[in-house]
Structure formats: C-alpha cells, structure tokens
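**Student:**
Residue numbers (my numbering): 32 to 179.
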C-alpha cells in the first residue's frame, strides 16, 4: 500500500495527490473528476468518474403486439427511474391504438418527449438536465410516478 501526505490548500481545504501511474492508467488529467466513496471501515475509495460525453444512455424495449398497456407503461417508468435518457420502444407488429395512447399518456407525466414515432417504433427522449434538479424533488417525483 502506498502512503501519501495530506497537504493544506488555502484556508479550508486539504488535498492528497494521486499517483501518476494510476492517473495514466485511468486516462485522467488535471481538471478531470474522480468519485470518492467512504467505505464501511472509514477508508476512502477513489474511482475515475465515468464520462458520458458523446455517449447516450439508451435502452431498447421490445413490446409484443398484444402486450398490456399498463405493463408497457411500467417498463417505461422503470427505464426512466433507472436514468435512461433515450428509450426506444419497438413492437413486433404495429402498435395498437391503446398502446400508442398509453405511451403518450405516460410520457406526459415524465420529463420526456416523443422524439420519433412510426407504426412499430417510438423513441422517447428526456428533455430535462437532471444535474439541475434537486435530489428531494427527484425522489418526490419518483414516489408520485410509482404510486400512480
């Protein structure tokens, strides 16, 4: 195990430098972010933060022609609550009118919009920047969505 000294930076901050080999191995540079997690034993784990630049958080749902509308809505809510920015819903045949209405209905209650639509495919896109939302309002919204 490697040891590092804690240094003072300014009036209120303490810093520890990262090993150069580790930063190279994780492709990190000055200004990049890392994630810190306090372990059960009080130790601190440092992980390179995942970069989502140029990458979409997308999920594809396969839907059966006769699949229940409520089940489709629950799957969409599950994808939304799991943080997917883009949800592509593909039907094995054309969507029924009730399936289309059910998808439109649930999209209205989420921070999403119908981005593209065809007879057998609907693409939903989140239009809210979650980084601007508070944790409390997010949890309250999840509670409302899952209890409705």
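Where a beta carbon is used, it is the ideal one built from N, C-alpha and C, also for glycine.
Report all residues from its chain with a CB closer than 8 Å to the CB of residue 41; omit the five preceding and five following residues, and keep chain order.
**Tutor:** The residue you call residue 41 lines up with position 10 of the chain shown. Answer for residue 41: no residue qualifies.
**Student:** Thinking residue 137 and residue 118 are a contact (beta carbons under 8 Å), I'd like their distance in whole angstroms, please.
**Tutor:** Position 106 of the chain shown, counting from 1, holds the residue named residue 137. Position 87 of the chain shown, counting from 1, holds the residue named residue 118. Going by Cβ atoms, the distance from residue 137 to residue 118 rounds to 11 Å, so no, they are not a contact pair.
**Student:** Starting from residue 143, follow the beta strand (DSSP E) in both directions and report where the run begins and ends.
**Tutor:** What you label residue 143 is simply residue 112 of the chain shown in a count that begins at 1. Unbroken beta strand (DSSP E) run through residue 143: 143 to 148.
**Student:** How is residue 122 classed by DSSP in three states: helix, strand or coil?
**Tutor:** For the purposes of this step, residue 122 is identified with residue 91 of the chain shown, where counting begins at 1. Residue 122: strand per DSSP, three-state reduction.
**Student:** Could you check whether the segment 137 to 152 touches the segment 121 to 129, counting it as contact only if at least three pairs of C-beta atoms, one from each stretch, sit closer than 8 Å?
**Tutor:** With a cut-off of 8 Å, the segment 121 to 129 and the segment 137 to 152 count as touching, because enough Cβ pairs lie within range.
**Student:** The beta strand (DSSP E) that contains residue 93, what's its start and end?
**Tutor:** As a first step, residue 93 must be located in the chain shown, where it is residue number 62. Run containing residue 93: 89 to 94, per the beta strand (DSSP E) assignment.
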